[in-house]
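Below: one structure, written as structure tokens.
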Amino acid sequence: MIVLTIDQRGSTYAADRVPELLAELARLTRGREGLVVPFERTVGDEVQGILAAGRAGAELAVDLTLHLLRDQGWSIGIGVGEVDGPLPVVSREARGFAFYRARDAVERAKSRSKGMSVAVEGPQPDAPDRRKPAHGTPGHGTTSDDTTSDGNNTAEPDLAAEIEALLRLLAAIRARRTPQGWEVADTLASLEDKPGRQRIVARSLDVSEQAVSQRVRAALWQEEEAVRPIVVRLLAELSSSVIVEPDAVTGPVAEPPHKRKKMKRAKS
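In terms of the working numbering, the sequence shown is residues 128 to 395.
Listed below in structure tokens is the structure:
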């Protein structure tokens, strides 16, 4: 599974933003597939949630991570691995390798500059919760010591490091985006992916199509859109390599009792 541990940056000298974050995460995850145990405050200014292994959980994890990095007020640790079952209602009662890795990841992320503070930890090929390749099937033209017949090394790549590098690359692109670039990017993201989107954006923003095209190029919007699904695919692959998963959660995820009370008060 995938665990996201989120820590507020500079919280010693700033107001507590965790309630604001929890409300935002609830909004962003509402109706989305991939959420297993809702986000909640675990300790101090830290928030944690559990996402499913596979594509739905990976896509949600990437979306949430990039959204929070844009805010620049959070450090995000992504941990991939086994979560001990049965799953609890609240994440602070859960245990497993995914949580230990998310903890290590968020500690690394804290040392990075704002807007770039993300790290990813996952099971290495020899980890106890990592599924091993079938014995004797290293691939065409390979030998059992992870080398090809011509001597090239074919050891498994460090997927966690690759995911982290790509997330930081996307974060760097987004951190340099101007307000005008974000205006176009956000409008494009709200529209269905089909021909004529830029024309719709131009009308919506009351600018020329040429101006929209220039902003799209400057914002590196198309480059981000090309890289994003690669990150999702790699994270889905890594999370699916975990051996043991708790029983699948079906239907809507139950909200912890204290969150249900808060939601009722907010409506009144």
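C-beta: ideal position from N, C-alpha, C; glycine also.
On a predicted model such as this, the values are computed, not experimentally measured, just so you know.
Residues of its chain near residue i, where Cβ-Cβ distance is below 7 angstroms and the 5 sequence neighbours each way are ignored
{"i": "ALA188", "result": "ILE129, LEU131, LEU178, ILE205, LEU362"}
{"i": "ALA183", "result": "GLU160, GLY161"}
{"i": "THR314", "result": "VAL328, SER331, LEU332"}
Residue i, DSSP secondary structure in three states
{"i": "SER138", "result": "helix"}
{"i": "VAL216", "result": "coil"}
{"i": "GLY200", "result": "coil"}
{"i": "ALA254", "result": "coil"}
{"i": "GLU310", "result": "helix"}
{"i": "ASP143", "result": "coil"}
{"i": "ARG301", "result": "helix"}
{"i": "PRO284", "result": "coil"}
{"i": "PRO322", "result": "coil"}
{"i": "GLU352", "result": "helix"}
{"i": "ILE290", "result": "helix"}
{"i": "GLY184", "result": "helix"}
{"i": "LEU191", "result": "helix"}
Contacting residues, own chain, Cβ-Cβ under 8 angstroms from residue i (five flanking each side not counted)
{"i": "MET243", "result": "LEU196, ARG295, ALA298, ALA299, ALA302"}
{"i": "ALA142", "result": "none"}
{"i": "LEU293", "result": "VAL354, ILE357, VAL358, LEU361"}
{"i": "SER335", "result": "ALA329"}
{"i": "ALA288", "result": "VAL247"}
{"i": "LYS259", "result": "PRO252"}
{"i": "TYR140", "result": "none"}
{"i": "VAL311", "result": "VAL328, LEU332, VAL339, ARG342, VAL343, ALA346, TRP348"}
Contacts around residue i, its chain only, beta-carbon distance under 6 angstroms, and the 5 residues preceding and following it disregarded
{"i": "SER367", "result": "ALA180, GLY181"}
{"i": "PRO215", "result": "ALA221"}
{"i": "SER138", "result": "ASP172"}
{"i": "ARG304", "result": "ALA346"}
{"i": "ALA229", "result": "VAL130, THR132, GLY204, GLY206"}
{"i": "LEU152", "result": "PHE166"}
{"i": "PHE224", "result": "GLY208, GLU209, ASP256"}
{"i": "ARG219", "result": "THR169"}
{"i": "GLN112", "result": "Nothing about residue 112 can be reported from this structure: the residues present for the chain run from 128 to 395 only."}
Reference residue i; option with closest CA among the options
{"i": "PRO284", "options": "ALA316, ALA312, GLN251, ALA185", "result": "GLN251"}
{"i": "LEU332", "options": "LYS259, ALA142, VAL163, GLY308", "result": "GLY308"}
{"i": "PRO356", "options": "GLU310, LEU193, PHE166", "result": "LEU193"}
{"i": "PRO213", "options": "THR305, ALA345, VAL163, ARG159", "result": "VAL163"}
{"i": "ASP320", "options": "GLN349, ALA345, ARG304", "result": "GLN349"}
{"i": "THR156", "options": "GLU186, ASP134, VAL145, VAL311", "result": "GLU186"}
{"i": "ARG144", "options": "GLY223, GLU364, GLN199", "result": "GLN199"}
{"i": "ALA236", "options": "GLN341, GLU352, LEU365, GLN135", "result": "GLN135"}
{"i": "PHE226", "options": "THR169, ALA312, SER240", "result": "THR169"}
{"i": "LEU365", "options": "ASP211, GLU291, VAL233, PRO146", "result": "GLU291"}
Buried versus exposed call for residue i [16 or more other C-beta atoms within 10 Å across all chains shown]
{"i": "VAL339", "result": "buried"}
{"i": "ARG256", "result": "Before going on, a small fix: residue 256 reads as Asp here, not Arg. Label assigned to ASP256: buried."}
{"i": "GLY158", "result": "exposed"}
{"i": "ARG154", "result": "exposed"}
{"i": "PRO246", "result": "The question names Pro, but residue 246 is Ala in the sequence shown. By the neighbour-count rule (16 or more Cβ atoms within 10 Å), ALA246 is buried."}
{"i": "ARG344", "result": "exposed"}
{"i": "GLY323", "result": "exposed"}
{"i": "GLN337", "result": "exposed"}
{"i": "ALA150", "result": "exposed"}
{"i": "SER238", "result": "exposed"}
Contact with chain B by residue i, beta-carbon distance below 9 angstroms
{"i": "VAL369", "result": "The structure shown contains no chain B; it is built from a single protein chain."}
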